[in-house]
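Okay, so the sequence shown: first residue is -18 according to the working numbering, each after it adds one.
This report concerns only the one structure given below.
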Amino acid sequence: MAAFLEKLPENLRAKVRLSDRGCMEWQGEINRNGYGRLWFGGHRHMAHKFTFELYKGPIRDGMYVDHLCRNRCCVNPDHLELVTPRLNVIRVHRRRKRIDEEGNLVGGKMKPTQVVAP
Ligand SMILES: [Zn+2]
């Protein structure tokens, strides 16, 4: 059994499937934005945040857990990274090709320093 699964609570192991890209895809509940959700300890958790905290440690207030693999249902802690709200927004814009290599918004008047997290 992969080390990853050994640490995962037993009732959650069956809900993870390994993809060809190394993603641990959540097979349980998926919300409308494509993120996995789970119940544990009487509370609902975002699946990727749950595994991030389990393997990497607490998520500091205001920080985001970003999927480096772009696969929102992935819960592989090695595919997750803690980022600031500002970096999270910049990455979203960059993925949507709305930001250039220097970090300036394309076709907009705002500079990245003015980008505010939603
Ligand atoms: Zn992944």
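Glycine included, each C-beta is placed from N, C-alpha and C at the ideal position.
Identify the continuous beta strand (DSSP E) that holds residue i and give its terminal residues.
{"i": "H26", "result": "H24 to M27"}
{"i": "D154", "result": "No statement about residue 154 is possible, as the shown extent of the chain runs from -18 to 99 and does not include it."}
Beta-carbon separation of residue i and residue j under 7 Å?
{"i": "P58", "j": "K30", "result": "no"}
{"i": "L19", "j": "G9", "result": "yes"}
{"i": "L61", "j": "F33", "result": "yes"}
{"i": "E(-13)", "j": "C55", "result": "no"}
{"i": "R51", "j": "Y16", "result": "no"}
{"i": "K69", "j": "D47", "result": "In the sequence as displayed, the identity of residue 69 is Asn instead of Lys. A contact, by the Cβ cut-off of 7 Å."}
{"i": "Y45", "j": "V73", "result": "no"}
What would DSSP say about residue i, mapped onto helix, strand or coil?
{"i": "R18", "result": "strand"}
{"i": "I71", "result": "helix"}
{"i": "R(-2)", "result": "strand"}
So residue i is in the alpha helix (DSSP H); what residue range does that whole segment cover?
{"i": "H60", "result": "Here H60 belongs to no alpha helix (DSSP H), and DSSP marks it neither H nor E."}
Which one or two residues does DSSP pair with residue i in a beta bridge?
{"i": "E6", "result": "R(-2) and C55"}
{"i": "I11", "result": "G17"}
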